[in-house]
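In mature numbering (1 follows the signal peptide of the UniProt record, and there is no 0), the protein residues as written are -20 to -1, 1 to 266. Note that CB positions come from ideal geometry on N, CA and C, so glycine has one too. A short worksheet on the structure shown next.
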């Protein structure tokens, strides 16, 4: 049975829906569903992208508090002239993401529209502090319904398609979404050093902190990719950002309401009137 389903998948994917009309009509088994999520390099030919077993989401590369992941679910067998329902559930044994915290609830019962051979399931992920230090996983699993069984039990290498990122052999009835919001000092941050507690900040932007990075992105509408190269972050732009924050932070400091880092010290850029020592909180003047 596994071999029959695998051969069917090859015919469907390589030939396409139109050219495989005979194979689809000759299929006498129960109609089924399977995940068919493709991605690859931006320059690649999308028609030969591999089917992937997982989708990685890095919130640091996006803006906003949400990220929508679109997962394609394909069908085997004949196309019908009426709507059909399939079911997708969270596989709790392999999921560490928390509903309502890391992702929004979704309807387990999804619809393949009349005349169609696929449906796109959209999962909304949520930016949360929990994924700043820990990657979380949401694993989805297809379950049989009255309309559909499981179309392909196991995925293998498909001629004409690139190899999958995580290997070609995987369960086609399951798909894993990984999510994190890990942040490391970007390439165009000055100075390119890590400060230890007790060290005095220096350089154009001072020590790299998440709070300072988030504030820069907020004020200048930037994303992590904008800090990646001299093309997106030239020296003139770095200097402009520093000058803006010297004025912004100095004004607040003079009012007695400085912007404080997580350790309580006043946020620093080169040119402010105070000295900033990592780990040493700011003490208001009496």
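Asked: To the nearest angstrom, report how far apart residue 47 and residue 105 are at their CA atoms.; Found: 5 Å
Asked: CA-CA distance, residue 57 and residue 108?; Found: 41 Å
Asked: Distance check for residue 15 and residue 154, CA to CA, integer angstroms please.; Found: 7 Å
Asked: So, helix, strand or coil for residue 232, using DSSP?; Found: helix
Asked: Beta carbon of residue 135, beta carbon of residue 161: below 9 Å?; Found: no
Asked: Suppose you measure from the CA of residue 253 to the CA of residue 172; what does that come to, to the nearest Å?; Found: 22 Å
Asked: What three-state label does DSSP hand residue 221 in the structure shown?; Found: helix
Asked: Within 10 Å of its beta-carbon, does residue 289 have 16 or more other beta-carbons around it, so buried, or fewer, so exposed?; Found: Since the first residue shown for the chain is -20 and the last is 266, residue 289 is missing from the structure and cannot be characterised.
Asked: Report buried or exposed for residue 69, applying the criterion of at least 16 other Cβ atoms within 10 angstroms of its Cβ.; Found: exposed
Asked: Taking just the CA atoms, how far does residue 204 sit from residue 126?; Found: 46 Å
Asked: Going by DSSP, what residue range makes up the beta strand (DSSP E) through residue 157?; Found: 154 to 160
Asked: What does the alpha-carbon distance come out to for the pair residue 208 and residue 197?; Found: 13 Å
Asked: Which one or two residues does DSSP pair with residue 83 in a beta bridge?; Found: 79, 105
Asked: Just list the beta strand (DSSP E) runs in the stretch 116 to 200, keeping only unbroken ones of 3 residues or longer that don't cross its boundaries, in chain order.; Found: 116 to 123, 154 to 160
Asked: Would residue 263 be called buried (16 or more neighbouring beta carbons within 10 Å of its own) or exposed?; Found: exposed
Asked: By Cβ distance below 7 Å, which residues in the same chain neighbour residue 76 in space, the five residues on each side in sequence not counted?; Found: 116, 117
Asked: Applying the 10 Å Cβ sphere with the 16-neighbour rule, what's the burial state of residue 265?; Found: exposed
Asked: I believe residue 169 touches residue 222 by the beta-carbon criterion, under 8 Å. Please report the beta-carbon distance rounded to the nearest angstrom.; Found: Not confirmed; about 11 Å, so no contact.
Asked: Alpha carbon to alpha carbon, what distance is there between residue 26 and residue 53?; Found: 17 Å
Asked: May I have the straight-line CA-CA distance separating residue 156 from residue 261, to the nearest angstrom?; Found: 43 Å
Asked: Have a look at the DSSP bridge pairing and note the partners of residue 257.; Found: 180
Asked: Would residue 98 and residue 91 be called neighbours here (beta carbons separated by less than 9 Å)?; Found: no
Asked: Is it buried or exposed for residue 229, if we count other Cβ within 10 angstroms and need 16 for buried?; Found: buried
Asked: Would you list the residues sitting across from residue 38 in a DSSP beta bridge?; Found: 160
Asked: Which of the three DSSP states, helix, strand or coil, is assigned to residue 49?; Found: strand
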